[in-house]
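Residue numbers (my numbering): 1388 to 1489. This report concerns only the one structure given below.
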Amino acid sequence: MTDTPIHSTLAHDPEFRDLVSAFVEELSARTGRIVNSIGRGDLDAAADLLHQLKGAAGIYGFNPIYQAAAEVEKLARDGSSEISERAKDLASLCKRATSTPE
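Here is the structure:
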């Protein structure tokens, strides 16, 4: 996986700068809750958290995170055995998010 930063499509918009920054700061906690839910076997909670992450990522212009969260949400809802590994991949992807403009 690459280490290339993921920038928000809204990072240049002064009206969204603080919101994008707050979203990026919350990502580690969000993905931690998702991974913990999966570890406990609570895929319903994980799916709900993934749905929230997907929506927020879409709103704040992080399309790669939106797409990945949508895929992992589907795995959670389907009870897929791939869920743990894919959730870890999502967490790694989220670590690349930055609030700085490209």
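Backbone N, C-alpha and C define an ideal beta-carbon position, used for all residues, glycine too.
query: Does the beta-carbon of Gly1448 have 16 or more other beta-carbons within 10 angstroms, so that it is buried, or is it exposed?; result: buried
query: Looking at Leu1437 and Val1459, is the spacing between their C-beta atoms short of 8 Å?; result: yes
query: When the Cα atoms are used, what is the spatial distance from Ala1409 to Ala1416?; result: 12 Å
query: Assign Thr1485 to one of three DSSP states: helix, strand, or coil.; result: strand
query: What is the residue span of the alpha helix (DSSP H) that Ala1398 lies within?; result: First-last for Ala1398: undefined, no H or E at that position.
query: Taking 8 Å as the threshold (C-beta atoms), are Ala1433 and Ala1478 in contact?; result: no
query: Among Gly1428, Lys1475, Asp1400 and Glu1402, which one has its Cα closest to the Cα of Ala1455?; result: Lys1475
query: Beta-carbon separation of Arg1483 and Asp1390 under 8 Å?; result: yes
query: Are there 16 or more other CB atoms within 10 angstroms of the CB of Ser1468, so buried, or fewer, so exposed?; result: exposed
query: Apart from the five residues just before and just after Phe1403, which ones in its own chain have a Cβ nearer than 8 Å to its Cβ?; result: Ser1395, Leu1397, Tyr1447 and Gly1448
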